[in-house]
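A short write-up of the structure that comes next.
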Amino acid sequence: MTPMWQTRMQSLNPDPKAQYTNVYGALKKITRTEGFWRPLRGLNVMVVGAGPAHAMYFACYENMKRTLNDVFRHQGNSHLANGIAGSMATLLHDAVMNPAEVVKQRMQMYNSPHRSALSCIRTVWRTEGWGAFYRSYSTQLTMNIPFQSIHFITYEFLQEQVNPHRVYNPQSHIISGGLAGALAAAATTPLDVCKTLLNTQENMALNLANISGRLSGMANAFRTVYRLNGLPGYFKGMRARVIHQMPSTAISWSVYEFFKYFLTKRKLENRTPY
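In this text, residue positions in the sequence shown follow UniProt numbering: the first is 1, and each later residue adds one.
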């Protein structure tokens, strides 16, 4: 989930009133000029999609990881299997979350005309059609498949180093999850910048690039970013992205590992004869 300050900082041609130098400055300026609750706009639509999306995500990952590890290596842990399992889980997750991300990012833009998630959905559907909700889906997958591959491979590798017996250890899950998320976020920032441009269809940037109509396709997004901001444009908002992803993935893995441990323990206890 992309936070508002990251969306704003990735803007290629922002309004002078919406230019920020760092995450703290962005949050301070947004809350001071647009209201305390402004950074939370669009959160409701993400909450609706996050539950089923993450349930499918981790269920698919666990099943695919177990199956592929048996195929690639009869014993132990295969990094290739972990990477492929993460990629397959991403396909299901993003199919649910991509429309929600489109709505949220449009509501996050400076001077957004959308006052609610429902009005945004109606306007986008009426003016651009259902395809607008998946215009960045291929880019999202192009970004998230390498992101999740790096993320899962790094997490599993770090777990082998700090928790070789793979017991429930909250500290190791938090550290491994945070570092894995930070590395994956930094490596895939250029793709995230292109995804943001496709989701928001930033008018000022498209006009500056002499693009009429709607921008579509990752290749066009890459060309537009380079034309407007050169190589530095691909890394706009990288610090904000890392700062957001690091605690997010740390919390996600710690919660997931807790419930995995809890449910496994309950299952074993129920099987134990009294």
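Glycine is no exception: its CB is placed at the ideal position from the N, C-alpha and C atoms.
Quick one: is residue i near chain B, going by C-beta distance under 8 Å?
| i | result |
| --- | --- |
| G177 | In the structure shown, chain B cannot be found, because there is only a single protein chain. |
Drop a sphere of 10 angstroms on the beta-carbon of residue i, count the other beta-carbons inside from all chains shown, and report buried for 16 or more, exposed for fewer.
| i | result |
| --- | --- |
| residue 275 | Outside the shown range of the chain (1 to 274) lies residue 275, about which nothing can therefore be said. |
| residue 287 | Nothing can be reported for residue 287: it is not among the residues displayed for the chain, which extend from 1 to 274. |
| D70 | exposed |
| Y24 | exposed |
| G49 | buried |
| F262 | exposed |
| L231 | exposed |
| L118 | exposed |
| Q148 | buried |
| A184 | buried |
| T127 | exposed |
| H244 | buried |
| Y274 | At Y274 the pLDDT is 48, less than 50, meaning the model places this residue with poor confidence; the figure from the coordinates comes in the next sentence. Its Cβ having fewer than 16 others within 10 Å, Y274 is exposed. |
Note down the Cα distance separating residue i from residue j, rounded to an integer number of angstroms.
| i | j | result |
| --- | --- | --- |
| Y61 | A219 | 29 Å |
| L27 | L179 | 24 Å |
| T196 | A53 | 20 Å |
| W125 | Q201 | 15 Å |
| V193 | A55 | 27 Å |
| M107 | I121 | 10 Å |
| T123 | E160 | 49 Å |
| N229 | A221 | 12 Å |
Assuming the contact rule is C-beta atoms closer than 8 Å, residue i and residue j should be a hit. Round their C-beta distance to whole Å, please.
| i | j | result |
| --- | --- | --- |
| V45 | A81 | Not really, about 34 Å apart at Cβ, beyond 8 Å. |
| L215 | L208 | Actually they are not in contact, since the Cβ atoms of L215 and L208 sit about 12 Å apart, beyond 8 Å. |
| R115 | L198 | No, R115 and L198 are not in contact; Cβ-Cβ is about 23 Å, not under 8 Å. |
| A132 | V102 | 7 Å |
Can we count residue i as close to the ligand MN, meaning its CB is less than 7 Å from some heavy atom?
| i | result |
| --- | --- |
| G213 | The ligand MN is absent from the structure shown, which contains no ligands of any kind. |
When you compare each of the options to residue i by their alpha carbons, which one comes out closest?
| i | options | result |
| --- | --- | --- |
| Y168 | Y110, T264 and R115 | T264 |
| Q19 | H114, Y110 and N207 | Y110 |
| I145 | F72, G233 and G83 | G83 |
| I150 | A59, G86, Q159 and I251 | G86 |
| R227 | G217, I243, E156 and N210 | N210 |
| W253 | Y155, L183, A182 and V242 | Y155 |
| G181 | P170, P247, A89 and M88 | P247 |
| N77 | G129, F58, G213 and F157 | F157 |
| G217 | Y256, M143, F36 and N22 | M143 |
| Q171 | H79, L91 and A250 | A250 |
Contact between the region 171-185 and the region 95-110 is defined here as three or more beta-carbon pairs at a separation below 8 Å; is this criterion met?
Touching, no.
Determine contact between the region 184-192 and the region 234-241, defined as no fewer than three beta-carbon pairs at a distance below 8 Å.
They touch, by the three-pair rule.
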